[in-house]
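Notes for the one structure printed next.
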Amino acid sequence: MSSDSQGSVKGEAAMMLSPSGSTSSQGPPLSPSTTSKPPELPDELVQAGWSKCWSRRENRPYYFNRFTNQSLWEVPVLGQHDVISDPLGLNAAPAESGDSTLGNGQRKRRSSEEQGAGPNSFKRTKVSTHLVRGIYWDLDVQTNAVIRERPPANHLPPHPEIELQRAQLVTKLRQHYHELCHQREGIEPPRESFNRWLLERKVIDKGHDPLLPSDCDPIISPSMFREVMNDIPIRLSRIKYKEEARKLLFKYAEAAKKMIDSRNASPESRKVVKWNAEDTMSWLRRDHSASKEDYMDRLEHLRQQCGPHVAAVAKDSVEGICSKIYQLSAEYSRRLRQTHLSLLQDPPSETCASPQQSRLVYCYPVRLVIPSPPLPRVELHFENDVACLRFRGEMVKVNRGHFCKLELLYRYSCIDDPRFEKFLSRVWCLLKRYQVMFGSNANEGTGLQGALPVSVFEALNRQFGVSFECFASPLNCYFKQFCSAFPDIDGFFGSRGPFLSFCPVSGSFEANPPFCEELMDAMVTHFEELLEQSSEPLSFIVFVPEWRDPVTPALTRMEASRFLRHQLSVPAYEHEYRSGSQHICKRDEMYYRAVHGTAVLFLQNDAGFAKWSPTPERLAELTAAYRPSSSRTSSLSSPGPAHIAPGDRDSAAKASDRTQSGVMSPGAHDGNNNNSSCSSGSSGSPQDKMANM
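In case it helps, UniProt numbering puts the sequence shown at residues 1 to 693.
Printed below as a string of structure tokens:
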């Protein structure tokens, strides 16, 4: 590892909380006082797996790490490396001599490093941090996020066999959804609606699978129900020309009449729909001089008259689609867990939840209580600047820069794989998981991983002390500390787990949430609870689309919050975002303009406001950082379907407009907004990020 990386790791070590207090410039988090006998080892070493043992053969103590099975005669030296994210000193400079020593001069009790490497070991190259840091991330930024110490998570460790089977089952579930929409309603599934269903379900899911919902109440998804209903009897697309408006009006009248005739509708509903549909067709036949605005006004009137009756006859059928997809998902989840448990050497036993810890520490990655079994071989080769990883004929790709980023995150965060024997398998699982969540269609899901520009992150860190992302992934994160949707695999690369289960006591955070209304509402509730409970400095800077027709409930709640200290608006077309496919797309496709305004809200408690107050000078730098750079090219709009502004009379009804406008949301893991909830076509929302929930 280069000297740059060593400096980074040493810097992080300086920030970790020691039992006697820290000399870090940040100041240590306050821990409750205790009168118990101090432990033989510092708490950081104990938490990283070290314990003091006695050698009867040598008649002296030694130190053993239960995570890595490594033993040392000397106490691991604090300050030489980050004992949480790098307890073995992987980033310390190797000794020049051939004896069995570590980079900080410590002698190994057993020379386990001299054993033959496993079949899946990854030959690590020396990666200089500055070669990749200046592109789209900065892994040297240290965290100021303080949490209460928490026990390891009980997730099953990732395995390529399971990930491959999960990918096949999710693909099969997508196909079932497609067929049900066709057979029952005669429509195409709303674009990205399945992806948003996955995200919306995970907000309330209590099941075991990281991706497939299996324990939700209610079982009928409000997100999926709204999006399918919004496209009945036909999907109302964007209209540019008069003839398009005329055809759309005719198709809607014809589809509404056909649906009411084929369903079990009441006599009154049949009478209203048929009369309005026939009157519209008669008007179309006799009036050929109408303008596009006349056609759109007539369509809006027809929807108001027929829409409630059409929705009433379609309700049971659409609920059946939602219920069937959920039941299949639960069955697939149960099947996957059984297979996964059979692969583990020591299947987990049912344990009661650990009590809440009282000690405060700087945040650290998710740890798994269940040890990982031996993982099968994953092949790696490079095609120009693209790393290709193959397992059982299934290939996933990532560009060389992001592959190096994943290696650095793994070095900083993983504590159970010092020789990188499981690195390639875990990278394959990570890439496959996000590939499956995105979907397989062109540009599908790219909005689920969009991110703020690098210049904005730099300004947030410099002016407001931001060092943590609430909604990110190992692929699109800027800092090495972040929350994400999949703690079981993302934790090896630095994730602190889903944000809704992450409870910081202090720190400065950036939140660029997926635009799923259920998730955004839960996010606001979580913000309010955290800010209410903490007296330490706590700040959340939130980026959401500024939709006003109608306004989203989450935005309304934040604007009315007593913790709102300031709000600014970034105009449409005057700012840009990083693509959700940044880990594989071309360099000239990395940025694109946002076609809607973005609201930036500062939610802070009193201590956070005093420390990171949004002063005019700070806000001016943040606004300047948001302006598109003239040194790089960016597309004029988000990827995916064209934008339709809410309230635009050139589009159909407002509910449908909101559905279309969701595609351009400036978000991060999940693109979602449809009639104040979910967007039926949001492949391009940079804010459509995974989240996590």
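Using N, Cα and C, we set each Cβ at its ideal position, and we do this for glycine too.
What distance in whole Å lies between the Cβ atoms of residue j and residue i, which are believed to be in contact at a cut-off of 8 Å?
i: Leu-368; j: Pro-152; result: 6 Å
i: Gly-597; j: Glu-559; result: Wrong, their Cβ atoms sit about 14 Å apart, outside the cutoff.
i: Val-570; j: Tyr-626; result: 5 Å
i: Pro-190; j: Asp-231; result: 5 Å
i: Phe-492; j: Cys-414; result: 5 Å
i: Lys-257; j: Tyr-295; result: Their Cβ separation, rounded to whole angstroms, is 18 Å, which puts Lys-257 and Tyr-295 out of contact at 8 Å.
i: Pro-376; j: Leu-343; result: Wrong, their Cβ atoms sit about 10 Å apart, outside the cutoff.
i: Glu-517; j: Pro-553; result: 7 Å
i: Ser-223; j: Glu-200; result: 4 Å
Do you know whose CA, among the options, lies nearest residue i's CA?
i: Ser-613; options: Phe-464, Ala-277, Lys-397; result: Phe-464
i: Lys-397; options: Lys-586, Ser-534, Ser-262, Arg-578; result: Lys-586
i: Phe-391; options: Leu-460, Glu-244, Ala-167; result: Ala-167
i: Ser-269; options: Val-310, Ser-71, Pro-504; result: Val-310
i: Arg-335; options: Pro-553, Arg-618, Ala-253, Glu-163; result: Glu-163
i: Pro-487; options: Val-313, Cys-429, Tyr-362; result: Cys-429
i: Val-361; options: Pro-616, Val-542, Val-146; result: Val-146
i: Asn-195; options: Glu-185, Asp-215, Thr-171, Thr-552; result: Thr-171
i: Tyr-573; options: Ala-594, Gln-582, Val-524; result: Ala-594
i: Phe-543; options: Pro-453, Arg-496, Ile-584, Glu-536; result: Pro-453
i: Leu-601; options: Met-590, Leu-622, His-583; result: Leu-622
i: residue 694; options: Ala-265, Ser-55, Glu-179, Leu-212; result: Since the displayed the chain opens at 1 and closes at 693, residue 694 lies outside it and no answer follows.
i: Glu-226; options: Asp-279, Ile-325, Asp-215, Val-318; result: Note on identity: in this sequence residue 226 is Arg, with Glu being the wrong assignment. If we check each option's Cα against that of Arg-226, Val-318 comes out closest.
i: residue 696; options: Glu-617, Met-229, Cys-470, Gln-533; result: Coverage of the chain is limited to positions 1 through 693, which leaves residue 696 absent and any answer about it impossible.
i: Trp-283; options: Phe-250, Ser-214, Ser-55, Lys-271; result: Phe-250
i: Pro-61; options: Val-75, Ala-48, Arg-298, Gly-49; result: Val-75
i: Leu-341; options: Lys-206, Pro-371, Asp-316; result: Pro-371
i: Ser-495; options: Leu-406, Arg-337, Phe-609; result: Leu-406
i: Asn-399; options: Val-505, Cys-53, His-583; result: His-583
i: Ser-221; options: Lys-315, Leu-500, Pro-233; result: Lys-315
i: Lys-292; options: Val-456, Arg-150, Gln-165, Leu-248; result: Leu-248
i: Arg-548; options: Ala-522, Ile-187, Ala-599; result: Ala-599
i: Arg-562; options: Tyr-577, Ser-535, Leu-603; result: Leu-603
i: Leu-519; options: Arg-235, Cys-483, Leu-236, Ile-204; result: Ile-204
i: His-402; options: Asp-416, Tyr-412, Glu-394, Asp-385; result: Asp-385
i: Ala-255; options: His-288, Leu-302, Cys-216, Arg-238; result: Leu-302
i: Leu-577; options: Val-456, Gln-304, Asp-490, Leu-198; result: Before going further, note that residue 577 is Tyr rather than Leu in the sequence given. Nearest C-alpha to Tyr-577: Val-456.
i: Ile-489; options: Pro-160, Trp-50, Trp-73; result: Pro-160
i: Glu-192; options: Pro-514, Ser-535, Ile-260, Glu-44; result: Pro-514
i: residue 712; options: Ser-467, Met-229, Cys-483; result: In the structure as shown, the chain begins at 1 and stops at 693. Residue 712 is therefore absent and cannot be evaluated.
i: Ala-330; options: Arg-419, Cys-404, Gly-207, Met-259; result: Gly-207
Check residue i in the structure and name its three-state DSSP category.
i: Gln-604; result: strand
i: Phe-250; result: helix
i: Met-523; result: helix
i: Ala-560; result: helix
i: Glu-268; result: helix
i: Ser-221; result: coil
i: Glu-623; result: The amino acid at residue 623 is misidentified as Glu; the sequence shows Thr. If DSSP states are grouped into helix, strand and coil, Thr-623 belongs with the helices.
i: Pro-61; result: strand
i: Lys-274; result: helix
i: His-182; result: helix
i: Trp-283; result: helix
i: Val-596; result: Note that residue 596 is His in the sequence shown, not Val. Here His-596 sits in coil by DSSP.
i: Gln-463; result: helix
i: Gln-435; result: helix
i: Leu-90; result: For Leu-90, the predicted structure reports a pLDDT of 42, less than 50, and the residue's modelled location is therefore unreliable. A value from the coordinates is still provided. If DSSP states are grouped into helix, strand and coil, Leu-90 belongs with coil.
i: His-566; result: strand
i: Lys-292; result: helix
i: Pro-571; result: coil
i: Pro-545; result: strand
i: Tyr-332; result: helix
Let me know if residue i comes out buried or exposed under the rule of 16 or more other beta-carbons within 10 Å of its beta-carbon.
i: Asn-512; result: buried
i: Lys-422; result: buried
i: Asn-605; result: buried
i: Phe-382; result: exposed
i: Arg-286; result: exposed
i: Ser-579; result: buried
i: Asn-59; result: exposed
i: residue 736; result: Here the chain covers residues 1 to 693 and nothing more, so residue 736 does not appear.
i: Asn-276; result: buried
i: Thr-556; result: exposed
i: Ala-624; result: exposed
Examine chain D for any beta-carbon lying closer than 7 Å to the beta-carbon of residue i, and answer yes or no.
i: Asn-399; result: The chain inventory of the structure shown lacks chain D, comprising one protein chain alone.
Starting from the N-terminal side, write out each stretch of the beta strand (DSSP E) that is 3 residues or longer and does not extend beyond the region 342-412.
360-362, 379-383, 386-391, 394-399
Can you list, in chain order, the stretches of the beta strand (DSSP E) that have 3 or more residues and sit fully within the region 481-532?
504-511
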